[in-house]
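For reference, the structure is listed below as structure tokens.
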Amino acid sequence: MHNTFIMAGVMGWPVAHSRSPLIHNHWIQQHKCKGAYGLFPVEPGHLDAAIQGIRALGLAGCNITIPHKVDAMKYMDWVDPMALRIGAINTIVRQTDGALHGFNNDGFGYLQSLQEAQPNWRAETGPVAVLGAGGASRAIVVSLIESGATEIRLLNRTRSKADALVQEFGAPVTAFDWSQRHEALAGVALLVNTTSLGMHGQPGLDIDLAQLPETALVSDAIYVPLETPLLQAARLRGNTTVNGLGMLLHQARPAFKAWFGVMPEVSTELRQTIVASL
Ligand code: NAP
């Protein structure tokens, strides 16, 4: 355990809504670390200076959130291969020599959330349908490929973005038109929503689950609300469902380990603390 006071935080714009301080400060208290985790509102034009500030201020590192996840990569001294593939970072770790290393733990968090729901879940069990082709989709698709998924059906409203991911990620990924989302569910072992549809204040996802096997796992990256209309419909027809809270909580663990030296767990108490804040 370190003796110095360790500081980290999250840079974003806007950032006030971030749950990361609640998560990390919970672990700081639980593990009796000397340190704190804060919110850093960083306007887009100030990202370079803010990242150089990590070194200048001696922070252990930082989380990076919207809209900086892609831009922040260019200020790193080294980027983890997984983050390079995803094309964005969500965690910066300052090394003892001052070098800044970038990571993306969103895919790790996602896989952990699936394993929490189904401990013997395996990516190679069967085809996966992924709805959406934005930032969350990239992290989830890369993590599924790395875990051995053999067929990923990608469906996005803007077809060209799905095609671009097929070009980039290759063989396991195939693109379909958004209008094919109902029949693309036939035979899948996992359905993932990475679009913002179903989020609080947004319309629900318009999808017919008739073709979806009852054995399929259904997950949603959204965590406000905890049960999206998609997850509710899936649960009512007997599918096991996974909301986006596990992804959010688990992505924070490797960052905490890197900064504070302890790999923390996602306890019921932490989960309740975050749920109460939603
Ligand atoms: P993003 O990069 O902006 O991507 C948004 C995606 O939603 C795109 O594929 C977009 O399709 C699609 N979409 C938006 N409106 C749509 C509509 N009316 N009809 C059909 N598709 C629509 O956003 P993101 O960062 O990937 O985030 C997506 C969701 O994941 C958000 O709800 C976010 O809260 C959640 N998320 C959760 C976590 C977690 O830790 N649990 C982490 C990251 C993100 P087009 O390409 O056609 O625009």
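Under numbering that gives the first Met the number 0, the very last position in the sequence shown is 277; numbers go up by exactly one each time. Cβ atoms here follow ideal geometry from the backbone N, Cα and C, with glycine treated the same way.
Counting only runs of at least 4 residues, the stretch 109-157 fully encloses the following alpha helix (DSSP H) elements, listed from N- to C-terminal order: 134-145. Per DSSP, the beta bridge partners of Phe102 are Thr90. A direct Cα-to-Cα measurement between Glu123 and Gly57 gives close to 43 Å. With a cutoff of 7 Å, Leu229 does not count as near ligand 1, since its C-beta is closer than that to no heavy atom of the ligand. Per DSSP, the unbroken beta strand (DSSP E) holding Ala174 starts and ends at Val172 to Asp176. If you check the CB distance, Thr64 and Gly11 come in under 8 Å.
Under the DSSP assignment, Leu38 falls in the beta strand (DSSP E) whose first and last residues are Gly34 to Pro40.
Check the Cα spacing between Ala188 and each of Glu167, Asp207, Pro202 and Leu216: the tightest is with Leu216. Straight-line measurement puts the Cα of Gln166 at about 39 Å from the Cα of Phe259.
For Met10, the beta-bridge partners assigned by DSSP are Phe39 and Ile63.
Spatial neighbours of Thr227 in its own chain (CB-CB distance under 6 Å, excluding positions within 5 residues in sequence) are listed in chain order as Gly197, Asp219 and Ile221. In this structure, the CA atom of Leu211 is about 15 Å from the CA atom of Leu204. DSSP places Thr272 in the helix class (H, G or I) of the three-state scheme. Checking the 7 Å criterion, the Cβ of Ser195 is within range of a heavy atom belonging to ligand 1. Of Ala209, Gly131, Ala138 and Gly245, the smallest CA-CA separation from Ser195 is found for Gly131. Distances taken from the Cβ of Ala82 to the heavy atoms of ligand 1 include none shorter than 7 Å.
In this structure, Leu247 has its beta carbon less than 7 Å from a heavy atom of ligand 1. Boundaries cannot be given for Asp76, as no alpha helix (DSSP H) includes it and DSSP labels it neither H nor E. The continuous beta strand (DSSP E) containing Leu190 extends over residues Leu189 to Asn192. Annotation for Ser19: no beta strand (DSSP E) segment contains it, though the alpha helix (DSSP H) segment containing it runs Ser19 to Gln29. For Ile5, the secondary structure class from DSSP, reduced to helix, strand or coil, is strand. Rounded to the nearest angstrom, the Cβ distance from Glu213 to Asn242 is 19 Å, too far for a contact under 8 Å. Rounded to whole angstroms, the separation of the alpha carbons of Thr193 and Gly133 is 8 Å. Along the length of the stretch 180-268, whole beta strand (DSSP E) runs at least 3 residues long occupy 189-192, 216-219 and 239-241, reported in chain order. With a cut-off of 7 Å, the C-beta of Met72 is classified as distant from ligand 1, since no heavy atom of the ligand falls inside that distance. No residue range can be given for Ala71, since it is assigned to no alpha helix (DSSP H) and is classified by DSSP as neither H nor E. Taking a C-beta distance under 8 Å as the contact criterion, Val140 and Leu113 do not qualify as a contact pair.
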